[in-house]
Ligand SMILES: [Ca+2]
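Residue numbers (my numbering): 453 to 645.
The structure is reproduced here in structure tokens:
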């Protein structure tokens, strides 16, 4: 038992001497500087971590953004084939393009009954896209959904709808128009439905 007790005692003494030696360095050289340098280093590392987290971005979520006249009467187009008349819908609050993964234009229609000829759609002057139509929608409600990924802009988006190639003219109505996006945003815009 005696030797067993003295061995730890020697190590303990040696450890204590090492601690003293270690403490002497910082005490001698650290006056003024010792407490400042570590704090600066820590702040720098923290900033780096924050920057990396910001680059990752939030996971994409689905948001449905209604036109300004959503819920109101449908707009009507009843014009000759080459008329410059356009329905105009404004959709505000669309997230910026670098956040938008998918963008779909959706709406309700009436009498969109001539596939490929009823009407044409522009989104911020991009297009034209055909108005979805079905021969069975003659004087009846219908719906439309078009992939407009890449055609949206941040904020206000202008959707214009004009006549197609149908001769001598076209008649149809569009209402309850929305742009539905899948976007890397933390929360959907307040105007979302
Ligand atoms: Ca029609």
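We put the CB at the ideal spot given by N, CA and C, even for glycine.
When DSSP assignments are scanned along the region 513-597, the uninterrupted stretches of beta strand (DSSP E) that are 3 or more residues long and fall wholly within it turn out to be 513-518, 527-532, 539-546, 552-562, 571-575, 578-582.
At least 9 Å separates the beta-carbon of residue 546 from that of residue 628. Going by C-alpha positions, residue 638 is about 30 Å away from residue 540.
Cβ-Cβ distances below 8 Å link residue 590 to 563, 565 in the same chain, with the five nearest sequence neighbours on each side left out; the list follows chain order. Nearest Cα to residue 598 within the set 634, 582, 521: 582. For the pair residue 574 and residue 613, the CB atoms are nearer than the 9 Å cut-off. In chain order, the residues positioned with their C-beta nearer than 7 Å to some heavy atom of ligand 1 are 563, 564, 565, 566, 570, 622, 623, 624.
In the assembly as shown, residue 553 is an exposed residue. Its beta-carbon has fewer than 16 other beta-carbons within 10 Å. Taking 9 Å as the cut-off, the Cβ atoms of residue 568 and residue 601 do not count as close. Between the alpha carbons of residue 525 and residue 555 lies a gap of roughly 24 Å.
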